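Some notes on the structure that comes next.
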Amino acid sequence: MVYRTFAVSILTLALLGTAACDPRWDKGEKALQETPDSDQVCRDPLSDPEVLREQRLVDEALRKALLADDPDPVAEAGKALEAGDFRLAGALTAGGVSTSIYGAQCRMRGGVASRTVRVVAFIDETAADKPGPEHLARAEKFARGYNAAVLADERYPYADVCRPFEGEVDLAPPVEEERKEPLWSDRPFGFADLDPLPPSPTLAEVVRRGSVARLDRMLRTGKYDVNAPDLFGMTPLAWAIAYRRRGSADLLLRADANPNGAACQTIFDRYSPMQVARAQQWIGMLRRMQPLVSEDDFNSLQELPRLSAGDIDRFNQGLDDLNKRFEEQFRGNRYLTKHRIYFTVDAQGNATACRIEPSTTYEDYDKQICELGLEELNWKPARGVFGNVIAGESSLFVGVRTR
Numbered sequence: 405m406v407y408r409t410f411a412v413s414i415l416t417l418a419l420l421g422t423a424a425c426d427p428r429w430d431k432g433e434k435a436l437q438e439t440p441d442s443d444q445v446c447r448d449p450l451s452d453p454e455v456l457r458e459q460r461l462v463d464e465a466l467r468k469a470l471l472a473d474d475p476d477p478v479a480e481a482g483k484a485l486e487a488g489d490f491r492l493a494g495a496l497t498a499g500g501v502s503t504s505i506y507g508a509q510c511r512m513r514g515g516v517a518s519r520t521v522r523v524v525a526f527i528d529e530t531a532a533d534k535p536g537p538e539h540l541a542r543a544e545k546f547a548r549g550y551n552a553a554v555l556a557d558e559r560y561p562y563a564d565v566c567r568p569f570e571g572e573v574d575l576a577p578p579v580e581e582e583r584k585e586p587l588w589s590d591r592p593f594g595f596a597d598l599d600p601l602p603p604s605p606t607l608a609e610v611v612r613r614g615s616v617a618r619l620d621r622m623l624r625t626g627k628y629d630v631n632a633p634d635l636f637g638m639t640p641l642a643w644a645i646a647y648r649r650r651g652s653a654d655l656l657l658r659a660d661a662n663p664n665g666a667a668c669q670t671i672f673d674r675y676s677p678m679q680v681a682r683a684q685q686w687i688g689m690l691r692r693m694q695p696l697v698s699e700d701d702f703n704s705l706q707e708l709p710r711l712s713a714g715d716i717d718r719f720n721q722g723l724d725d726l727n728k729r730f731e732e733q734f735r736g737n738r739y740l741t742k743h744r745i746y747f748t749v750d751a752q753g754n755a756t757a758c759r760i761e762p763s764t765t766y767e768d769y770d771k772q773i774c775e776l777g778l779e780e781l782n783w784k785p786a787r788g789v790f791g792n793v794i795a796g797e798s799s800l801f802v803g804v805r806t807r
């Protein structure tokens, strides 16, 4: 079984660590992940404070220009590409960061991170609020022209990852769905029809096209950092695994590519090579990389049973009502004691047992908390190191006023 922990206050439930990329959270305990050494160099350019500062400045200037005028999207795209800035224009919506709303679809499992996008507008359910519909219309016109210019430029190195898109975009917050076993035809990363290699390709571009001989020649030069992440946080090894390029993956591993990803990543990052292989159920590749990581790290790929936000809200409400019913008994108690509520969850996501350790001084209260949890909490089952569904156990913290 998998054993993990959550945290709950006396009136509020805070579910932590439900994402597959990092299932090891517990406020009261040290996470399994070690803190990087102080002399470890993060080779991600977008973690460089100076790069981030420069991007923030140019993005703020662009947003100000959009408020006052109609900047030329083609000229702005040219300036960005010349500076090596390959971010697309996007909007921050209720459903997260979106480039599709402006005609560019990036096929990345879990969606694109905010760092990959130049946010030119903020769109929510009150889109008519300031800065107003005129600005939003101007921003859309600019962003569509900008993205079209970037995607059409031969300098853009992610033409197989991000493509022009026309269609309806749902701006509502995403509804969590039951994860299904992935199929190779699903292609959670990139598109099947790859363009020819550019004259001076990156390692990742060569890897995605499966050109093993070209990759071998590039690696032999010793000029390339096999663990350098790109705009999306993917290393060449992560892309090789995402595109099921076994030959390229083997070459990179022999060249000391790290299954954990870049120096600033960990095995738990959703775009680390190990997580990409696990998400795609490429068991053979996981076994190939297993000896190259620590035993603790590999075993920690297991995921605890997860809860949805709706379950948390219902449990919070029920816990609040329960505490009110016991208000008279709690009144005057001096100490707030912390207790864990353990739920055993089977491979179908059904909570089959509950216990509280240590028990409170109110036996009936303990019983009703367990009854509430068993009734209201609908768990997503735990998953093993290879992504297979397994039974597991998770715990919640509850604070209780006791004598």
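In terms of my numbering, the sequence shown opens at residue 405 and continues consecutively. Beta carbons: idealized from backbone N, C-alpha and C, even for Gly. Values in this document were obtained by computation on a predicted structure and should not be read as measured data.
- Look at SER652 here: in three-state DSSP terms it is helix.
- In the DSSP annotation of this structure, the continuous segment of the beta strand (DSSP E) that includes PRO568 starts and ends at 566 to 568.
- The beta-bridge partner set that DSSP reports for HIS743 consists of VAL802.
- Assigned with DSSP and collapsed to three states, GLY796 falls in strand.
- In the assembly as shown, SER704 is a buried residue. Its beta-carbon has 16 or more other beta-carbons within 10 Å.
- Taking the CA atoms as reference points, GLU544 sits about 23 Å from GLY488.
- The segment 666 to 686 makes no contact with the segment 709 to 723; the number of CB pairs closer than 8 Å stays below 3.
- Cα atoms of LYS728 and ARG718: separation of roughly 16 Å, rounded to the nearest angstrom.
- Around the C-beta of TYR675, 16 or more other C-beta atoms lie within 10 Å, and the residue is accordingly described as buried.
- Beta-bridge partners assigned by DSSP to GLU761: ARG744.
- Apart from sequence neighbours up to five positions away, the residues of its chain that approach PRO762 with a beta-carbon distance below 7 Å are HIS743, ordered along the chain.
- Exclusion of the five residues before and after VAL516 leaves GLY494, VAL501, THR503, CYS510 and PHE636 as the residues of its chain whose Cβ lies within less than 8 Å of its Cβ.
- Under a 10 Å Cβ-count criterion, TYR739 is classified as exposed, with fewer than 16 other Cβ atoms of the shown protein chains found around its own Cβ.
- PRO561 has its alpha-carbon roughly 22 Å from the corresponding atom of LEU655.
- Rounded to the nearest whole angstrom, the CA to CA distance from ARG618 to GLY626 is 14 Å.
- Ranking GLY777, ALA667, ASN737 and ARG650 by CA distance to the CA of ASN720 puts GLY777 first.
- ASP564 is a Cβ neighbour of LEU598, given a cutoff of 7 Å.
- For the options PRO602, ALA644, PRO600 and ALA659, the alpha carbon positioned closest to that of ARG612 is the one of ALA644.
- Annotation for VAL523: the continuous beta strand (DSSP E) segment containing it runs 521 to 526.
- With contacts defined as CB atoms closer than 7 Å, VAL793 and THR764 fail to qualify as a contacting pair.
- Rounded to the nearest angstrom, the gap between the Cα atoms of ALA608 and PRO663 is 15 Å.
- Put simply, the backbone Cα of ASP557 is about 14 Å away from that of PRO600.
- Taking the CA atoms as reference points, THR497 sits about 6 Å from PHE526.
- THR756 has its alpha-carbon roughly 53 Å from the corresponding atom of GLU464.
- When only Cα atoms are considered, GLU454 and ALA661 end up about 27 Å apart.
- Looking at the backbone, the Cα of ARG650 and that of PRO475 are separated by about 45 Å.
- Pairing ARG457 with ARG542, the inter-Cα distance amounts to about 26 Å.
- Setting aside the 5 residues that flank it on each side, PHE730 is surrounded in the same chain by TYR766 and TYR769, each with a C-beta closer than 7 Å to its C-beta; the list follows chain order.
- Contact between ARG567 and PHE595 holds: CB atoms are separated by about 6 Å, below the 8 Å threshold.
- Scanning MET512, ARG548, ARG519 and LEU461 for the CA closest to the CA of PHE593 turns up MET512.
- CA-CA distance, TYR647 to ARG591, rounds to 8 Å.
- The beta-carbon separation of ALA659 and ALA632, rounded to 12 Å, does not stay under the 8 Å limit for a contact.
- For LEU696, the secondary structure class from DSSP, reduced to helix, strand or coil, is helix.
- It is roughly 32 Å from the alpha-carbon of PHE801 to the alpha-carbon of SER518.
- Its chain contains TYR746 as the residues whose beta carbon lies nearer than 6 Å to that of ARG759, once the 5 sequence neighbours on both sides are disregarded; these appear in chain order.
- Residues ASP557 and ARG559 of the same chain have their beta carbon placed closer than 6 Å to that of LEU485, with the five preceding and five following residues left out of the count.
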